[in-house]
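Note that this note's numbering has the sequence shown beginning at 3, numbered continuously upward.
One structure is given here, and the rest of the page talks about it.
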Amino acid sequence: MGLSVSGPFVLAEREGDIVWLTLNRPERLNAIHLELRDELWVQLELLRDDPSVRAAVFRGAGDRAFSAGADITEFGTAPSYIEARDARVLRDLWGLMAGLDLPLIAAIHGFAYGAGLELSLYCDLRVASEDARFAIPEVTLGYIPSAGGTQTVPRHLPSSEALRMATTGEPISAREAYDLGFVQRVVPREQLDAAVREWARELAGRDPAALRAAKRAVRDGLDQPLEAGLALERRLAAAVAGR
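Structure, rendered in C-alpha cells:
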C-alpha cells in the first residue's frame, strides 16, 4: 500500500509497516462527504486485507481540524440526503473500522466534531494536540447524531458528561478530554506527528497475534457478561500460547 492508491480526499502513505491515512479536505475542515467516505472505505478494506500492515494512523490535513464532522452541505437535500443514508446502510464504515485487528491511532488536532469525533472513537488510541477540541454539535443544528455519537461517546465518558455534550453541543478541550480518559496523551501541536509515530512504531513491533487477541478480548468482552468475557479471554490466551 502507498500513495499510488490514494484518492484526492484520503491520502495514504506507508512508512514501513505503518500506514498513515490523512483526511484531505482542509478547505472544509476535513468534513466527511460521500466521496471521502467512499475513499475511506477503500482504504479500510486495504488495511483489513494486508497482513503486512502492523498499525494505522488517522489524521487531518491542514492546520485547523482533524475533522469537523459530516459535510452539512449534503444535509436535507435530495438526492444527497438519500445517498448519504443509503451509503451508511450499504457500507457500514464504523463497523468495518471496529472489526480491524491491527492497532488504530488517531492523531487529533483542532476540531474533532460530530462524525470526526466518532471516527476517532473507533481508533484504539487517541493522541491530541493542545489545541484539539471535541464536540457533538448536532443538537445546535436541530438534529442528533446519526453515525453513532450517542452510543460511542457514553462508552468512553461518564454518562452524565456524554449527555451534557449531546444536549448542549458544547466542546471540551484536549486537557478536559485527557482528564476524562477520552484521549490517552496530549502534546504540543508541533510534536503531534512525532509522538504518534513513536507510539505506532512501538505497537507495530509487538507480536501481531497477541495484539489481535488483546484487542478482540477487550472489544468483544465489553458487550458480554463478565463470566462470558473471562471465558473469551481464556480461549484467546490459549490460542496465542498454542501457536
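Positions of the beta carbon are idealized from the N, C-alpha and C atoms, including for glycine.
Since this is a predicted model, take the numbers as computed values, not measurements.
Three-state secondary structure assigned by DSSP to residue 44: Correct three-state label for residue 44: helix.
Complete alpha helix (DSSP H) runs within the segment 162 to 195 (minimum length 4 residues, chain order): Secondary structure within the segment 162 to 195: the alpha helix (DSSP H) runs of 4 or more consecutive residues, fully enclosed, are 176 to 181 (chain order).
Nearest residue (CA-CA) to residue 159, options 184, 28, 234: The shortest Cα separation from residue 159 among 184, 28, 234 belongs to 184.
Three CB pairs or more closer than 8 Å across the segment 106 to 124 and the segment 61 to 70: Yes, the segment 106 to 124 is in contact with the segment 61 to 70.
Cα-Cα separation, residue 55 to residue 152: Taking the straight line joining both Cα atoms gives about 31 Å.
Proximal residues to residue 28 (C-beta, below 6 Å), its chain only, five neighbours per side dropped: The answer, listed in chain order, is 63, 64.
Contacts around residue 167, its chain only, beta-carbon distance under 6 Å, and the 5 residues preceding and following it disregarded: Non-local C-beta neighbours of residue 167 in its own chain, meaning closer than 6 Å and more than five positions away in sequence, comprise 138, ordered along the chain.
Sheet register partners of residue 13 (DSSP bridge): Answer by DSSP bridge pairing, in chain order: 24.
Buried/exposed call for residue 45, threshold 16 Cβ in 10 Å: Classified as buried, residue 45 has 16 or more neighbouring CB atoms from the shown chains inside 10 Å of its CB.
Coarse secondary structure for residue 66, derived from DSSP in three states: DSSP places residue 66 outside both helix and strand once states are collapsed to three, so it counts as coil.
Proximity winner among 229, 224, 214, relative to residue 241 (alpha-carbon distances): Among 229, 224, 214, the Cα nearest to that of residue 241 belongs to 214.
C-beta neighbour in chain C for residue 71, strict 7 Å: The structure shown contains no chain C; it holds only a single protein chain.
Buried/exposed call for residue 170, threshold 16 Cβ in 10 Å: Note on residue 170: under 16 other CB atoms within 10 angstroms of its CB, so exposed under the neighbour-count rule.
Minimum C-alpha distance to residue 132 - residue among 122, 118, 180, 99: The option with the nearest alpha carbon to residue 132 is 180.
Sub-7 Å separation of residue 60 and residue 95 beta-carbons: It is not a contact, given that the beta carbons lie outside the stated cut-off.
DSSP three-state assignment for residue 244, whether helix, strand or coil: Correct three-state label for residue 244: coil.
Sequence-distant residues of its chain with Cβ nearer than 6 Å to residue 205 (five each side left out): Closer than 6 Å at the Cβ level, and outside the excluded window around residue 205, lie 57, 105.
Coarse secondary structure for residue 112, derived from DSSP in three states: For residue 112, the secondary structure class from DSSP, reduced to helix, strand or coil, is strand.
Host alpha helix (DSSP H) of residue 122 (start-end): From DSSP, the alpha helix (DSSP H) with residue 122 extends over 117 to 123.
CA-to-CA distance, residue 26 to residue 32, given in whole angstroms: Cα to Cα, residue 32 sits roughly 6 Å from residue 26.
Contact set for residue 191: own chain, Cβ-Cβ below 8 Å, skip 5 residues either direction: Cβ neighbours of residue 191 beyond the five flanking positions: 111, 131, 132, 133.
Supposed contact pair residue 12 and residue 38 - C-beta distance, whole angstroms, cut 8 Å: Cβ atoms of residue 38 and residue 12 come within 8 Å of each other, at about 6 Å.
Span separating the alpha-carbon of residue 21 from that of residue 74: C-alpha separation (whole angstroms): 29 Å.
Contact check, residue 72 vs residue 116, beta carbons under 7 Å: The answer is yes: Cβ separation under 7 Å.
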